[in-house]
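Here is the structure we will look at, set down as structure tokens.
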Amino acid sequence: LIIDDEPMVAGALKRILAAEHEVSTSGSGQVALDRIASGERYDVILCDLLMPGMNGVELYDTLMGTIAEQAQRMVFVTGGAFTPVTSSFLDRVPNQRIDKPFDAVGVRALVRANVG
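Residue numbers (my numbering): 19 to 134.
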């Protein structure tokens, strides 16, 4: 699952991964949460950290309280702009992150390593 409010970023990640993986996208954290709460499960969740509405931090914290297994599968996509909250969040969670601009080879390798 790719969660990003920027369609161009979500589309680029989908193109990178679609040849090897089944890929779903969501433009918001809340829509992604609704899908997961309804029973959909994902091997890897690439989630933008800073989004309007429910951001990556809020989605992670919500999932940790309800469906922790899916929160543990989150990889955070960051643009390098960190607030004090997001910076301390990334320090406290063990999840991996991908920095924008990302490279296709690195993204594929990260997803391959986390699938299955």
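Think of the CB as a built atom: it goes at the ideal place given N, C-alpha and C, for glycine as much as any other residue.
Source: prediction; values computed, not measured.
DSSP places I85 outside any beta strand (DSSP E), giving it a letter other than H or E.
DSSP places S44 in the strand class (E or B) of the three-state scheme.
DSSP, reduced to helix, strand and coil, places D23 outside both helices and strands of the structure shown, so it counts as coil.
In the three-state reduction of the DSSP assignment, F94 falls in the strand class. Between V95 and L67, the C-beta spacing is below 9 Å. Contact between the segment 50-63 and the segment 81-91 is present: 3 or more CB-CB pairs across the two stretches fall below 8 Å.
S56 and A50 have their alpha carbons spaced roughly 10 Å apart.
If you compare the alpha carbons of L35, G97, M82 with that of A127, the shortest gap goes to L35. Each of I116, K32, G47 was checked against the Cα of T80, and the nearest Cα belongs to G47. Counting C-beta atoms within 10 angstroms of its own C-beta, M69 has 16 or more neighbours from the protein chains shown and is therefore classed as buried. Going by DSSP, R115 is part of the beta strand (DSSP E) stretching over 115-117.
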